[in-house]
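With the UniProt record's numbering applied, the sequence shown corresponds to residues 1 to 307, in that order.
Don't be surprised by glycine CBs; every beta carbon is placed ideally from N, CA and C.
Note that the coordinates shown come from a computational prediction; the quantities given were computed from them, not determined experimentally.
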Amino acid sequence: MSLHRVAHITMGVPNVAATSAYYADFGLTDLGDGRFATADGGEQLKIVQAARRRLEDLTLSADEPDDLGRIASALDRLEVPFVRDSHRLRAVDPGTEVTVTVEVQPRIVQSAPVAAPYNAPGRIERAGERAPGVLREGPVRVRRLGHVVLGSTDQEASQRFFTEGLGFKVSDQVPGAAFLRCSTDHHNVLVQKAPISFLHHTSWQVDDVDEVGRGATRMLEGHPERHVWGLGRHQLGSNFFWYLKDPAGNFSEYYSDTDCIVDDQLWTPGMWEDARLALYNWGPPVPPSFLRPEDLAAMMTGAHDAG
């Protein structure tokens with residue numbers, strides 16, 4: 001696979017200052033001018049002014065210039081326009097209307113966190129000591145951007161764009177949505193059928209489930225309105241999750257322990273007919289606002305007015 005990660009996103013919002021403050025609280029490093037970095041991925045988020053919340057640009061990393069040539073040929077076959085230079089290719093997904101940029105960039109190397117000793121029935125690894133997770137202090141460190149979830153007015157066209165055009169693989173599917181990967185992660189992009197193109201959520205990796213809980217707890221102190229859904233564990237992807245909402249209305253997810261697919265031959269994509277059963281294995285009941293964001297109708301009205 002020539003692609004190897006989601007490198008960067010540009011997020012358009014109507015309230016840049018408030019949204020920027022939120023992501024600084026979330027655990028990203030504020031570089032100034034709306035730019036934010038993660039611990040391992042470098043600069044991965046830029047927040048810019050927009051009439052409504054949306055994903056303006058999604059940047060993917062490729063290994064070498066020849067990969068851009070293969071992608072260009074595939075987009076030609078799909079009759080999708082693109083622009084290209086020696087180290088960059090840019091095209092627009094016809095379903096989400098998001099600009100997708102593919103750049104030649106080196107792979108990132110992540111250092112493994114220290115494995116925490118774990119006590120279980122018949123196995124004591126931590127005798128006479130408190131669990132390391134309860135002793136941690138300070139802000140949660142976001143390691144990298146993992147995936148984005150997009151609403152698409154033409155889900156099938158979006159799926160073709162990412163798979164047949166860019167080279168993503170399908171990990172799992174539910175009616176009207178596909179979990180797509182360009183790395184060893186279970187998914188890096190999820191495109192789902194929607195009445196309007198919009199950004200549903202971004203997902204950010206932390207070390208473990210304690211960091212998921214610590215991060216959400218810190219974000220909710222004095223801001224209960226930020227809570228969306230969690231703590232829980234997804235069925236597809238298997239990751240622990242906690243979702244919060246930024247001031248613009250985008251959901252942001254802390255996640256840890258996701259499925260990794262290192263050999264395509266050892267993974268069988270599934271088709272899950274009941275999307276709700278596929279959504280989570282355990283956790284609080286999924287709130288209606290997660291499935292249909294509260295501002296969706298307003299965004300649809302605004303899009304129609306603009307048209």
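| message | If I follow the unbroken beta strand (DSSP E) through residue 124, where does it start and stop? | response | For this step, residue 124 is matched to residue 124 along the sequence shown. Per DSSP, residue 124 belongs to no beta strand (DSSP E) and is neither H nor E.
| query | Does the stretch 76 to 94 come close enough to the stretch 168 to 178 that 3 or more CB-CB pairs lie under 8 Å? | reply | no
| 6 Å Cβ shell around residue 338 - same chain, five flanking residues per side excluded | Residue 338 cannot be examined here, being either before or after the span of the chain that is shown, 1 to 307.
| said: Looking at the strands, I want to know which residues DSSP matches up with residue 273. | reply: If you number the sequence shown from 1, residue 273 lands on position 273. DSSP output for residue 273 lists no bridge partner at all.
| query | Any idea if residue 111 is buried or exposed, counting beta-carbon neighbours within 10 angstroms, 16 or more meaning buried? | reply | Within the sequence shown, residue 111 is the residue found at index 111, counting from 1. It counts as exposed.
| task | Evaluate the contact criterion for the stretch 182 to 200 versus the stretch 151 to 161: three or more CB pairs, one atom per stretch, below 8 Å. | result | yes
| query | Rounded to a whole number of angstroms, what is the C-alpha to C-alpha distance between residue 79 and residue 19? | reply | By 1-based counting over the sequence shown, the position of residue 79 is 79. By 1-based counting over the sequence shown, the position of residue 19 is 19. C-alpha separation (whole angstroms): 37 Å.
| task | Determine the burial state of residue 212: buried for a count of at least 16 other Cβ atoms within 10 Å of its Cβ, exposed for fewer. | result | As a position in the sequence shown, residue 212 is number 212, starting the count at 1. By the 10 Å Cβ count, residue 212 comes out buried.
| task | State buried or exposed for residue 238, treating a residue as buried only when at least 16 other CB atoms are found within 10 Å of its CB. | result | In the sequence shown, counting from the first residue as 1, residue 238 sits at position 238. Residue 238 should be labelled exposed.
| task | Could you tell me which of 184, 229 and 226 sits nearest to residue 265, measuring between CA atoms? | result | As a position in the sequence shown, residue 265 is number 265, starting the count at 1. With distances taken between Cα atoms, residue 265 lies closest to 184.
| task | Assign residue 262 to one of two classes, buried (16 or more other C-beta atoms within 10 Å of its C-beta) or exposed (fewer than that). | result | The residue given as residue 262 occupies position 262 in the sequence shown. It is exposed - the Cβ of residue 262 has fewer than 16 other Cβ atoms within 10 Å.
| task | Inspect the beta-carbon positions of residue 96 and residue 60 and report whether they are closer than 8 Å. | result | Locating residue 96 in the sequence shown gives position 96, counting from the first residue. Locating residue 60 in the sequence shown gives position 60, counting from the first residue. Cβ atoms of residue 96 and residue 60: not closer than 8 Å.
| task | Starting from residue 205, follow the alpha helix (DSSP H) in both directions and report where the run begins and ends. | result | Along the sequence shown, one-based indexing puts residue 205 at 205. No alpha helix (DSSP H) contains residue 205, which is instead part of the beta strand (DSSP E) from 198 to 205.
| task | Scan the stretch 181 to 245 and note each continuous beta strand (DSSP E) run of 3 residues or more that stays entirely inside, going in chain order. | result | 189 to 193, 198 to 205, 227 to 233 and 240 to 245
| task | Pull up the distance between the alpha-carbon of residue 206 and that of residue 121, whole angstroms please. | result | The residue you call residue 206 lines up with position 206 of the sequence shown. The residue you call residue 121 lines up with position 121 of the sequence shown. Looking at the two C-alpha atoms, the distance is approximately 27 Å.
| Leaving out the 5 sequence neighbours to the left and right, which residues in its chain are closer than 6 Å to residue 208 when beta-carbon positions are compared? | Start at 1 with the first residue of the sequence shown, and residue 208 comes out as number 208. Closer than 6 Å at the Cβ level, and outside the excluded window around residue 208, lie 256.
| request: Taking residue 99 as part of the beta strand (DSSP E), name the residues at either end of that continuous run. | output: Counting from one through the sequence shown, the residue named residue 99 turns up at place 99. 99 to 104 is the extent of the beta strand (DSSP E) around residue 99.
| message | Assuming residue 59 is part of the beta strand (DSSP E), what are its boundary residues? | response | As a first step, residue 59 is located in the sequence shown; it is residue number 59 there, counting from the start. Where residue 59 is concerned, the enclosing beta strand (DSSP E) stretches over 54 to 62.
| Would a C-beta distance cut-off of 8 Å place residue 180 and residue 188 closer than the cut-off? | Residue 180 sits at position 180 when you count from the first residue of the sequence shown. Residue 188 sits at position 188 when you count from the first residue of the sequence shown. Yes, these two residues count as a Cβ contact at 8 Å.
| query | Are the beta-carbon atoms of residue 168 and residue 93 separated by less than 8 Å? | reply | For the purposes of this step, residue 168 is taken as the residue at position 168 of the sequence shown. For the purposes of this step, residue 93 is taken as the residue at position 93 of the sequence shown. Not closer than 8 Å, so no.
| message | Output needed for residue 203: all residues of its chain with C-beta closer than 6 Å, excluding positions within five of it in sequence on either side, in chain order. | response | The residue labelled residue 203 in the question sits at position 203 within the sequence shown. So the qualifying residues of the chain are 146, 147, 253 and 255.
| CB-CB under 6 Å to residue 294, same chain, minus the five flanking residues each way: which ones, in chain order? | Position 294 of the sequence shown holds residue 294. Counting only Cβ-Cβ distances below 6 Å, and skipping sequence neighbours, we find nothing.
| field | Buried/exposed call for residue 118, threshold 16 Cβ in 10 Å | value | For the purposes of this step, residue 118 is taken as the residue at position 118 of the sequence shown. Per the 10 Å Cβ criterion, exposed.
| According to the Cβ coordinates, are residue 219 and residue 26 closer than 8 Å? | As a first step, residue 219 is located in the sequence shown; it is residue number 219 there, counting from the start. As a first step, residue 26 is located in the sequence shown; it is residue number 26 there, counting from the start. Yes, they are a contact pair.
| field | residue 38 - containing beta strand (DSSP E), residue span | value | Locating residue 38 in the sequence shown gives position 38, where the first residue counts as 1. Residue 38 -> beta strand (DSSP E) spans 35 to 38.
| query | With a CB to CB cut of under 7 Å and the five nearest residues on each side skipped, what residues in its chain are close to residue 280? | reply | If you number the sequence shown from 1, residue 280 lands on position 280. If we look at residue 280 and ignore the five residues flanking it on each side, its Cβ neighbours are 232, 233, 234, 235 and 286.
| query | Around the Cβ of residue 106, are there at least 16 other Cβ atoms within 10 angstroms (buried) or fewer (exposed)? | reply | Mapped onto the sequence shown, residue 106 falls at position 106. Exposed, by the Cβ-count rule.
| message | So, at 6 Å on beta carbons, what are the nonlocal neighbours of residue 67 in its own chain, with the 5 sequence-adjacent residues on each side left out? | response | Translated into the one-based positions of the sequence shown, residue 67 becomes position 67. So the qualifying residues of the chain are 2.
| request: Could you check how far apart the C-beta atoms of residue 28 and residue 142 are, in whole angstroms? I think they sit under 8 Å. | output: Working through the sequence shown from its first residue, we reach residue 28 at position 28. Working through the sequence shown from its first residue, we reach residue 142 at position 142. Indeed, because the Cβ distance is near 6 Å, the residues count as touching under 8 Å.
| Exposed or buried, which one is residue 260 when buried takes at least 16 other CB atoms within 10 Å? | By 1-based counting over the sequence shown, the position of residue 260 is 260. With fewer than 16 Cβ atoms within 10 Å of its Cβ, residue 260 is classed as exposed.
| query | Between residue 164 and residue 271, what straight-line distance do the alpha-carbon atoms span, to the nearest angstrom? | reply | Taking the first residue of the sequence shown as position 1, residue 164 is located at position 164. Taking the first residue of the sequence shown as position 1, residue 271 is located at position 271. Straight-line Cα distance between these residues: approximately 19 Å.
| query | Of all the options 51, 6 and 42, which has the alpha carbon lying nearest to the alpha carbon of residue 301? | reply | By one-based count along the sequence shown, residue 301 stands at place 301. Closest option to residue 301, Cα to Cα, is 51.
| message | Which same chain residues end up closer than 6 Å to residue 186 when comparing Cβ atoms and leaving out the 5 residues on each side of it in sequence? | response | Start at 1 with the first residue of the sequence shown, and residue 186 comes out as number 186. Taken in chain order, the residues that qualify are 171, 237, 258 and 259.
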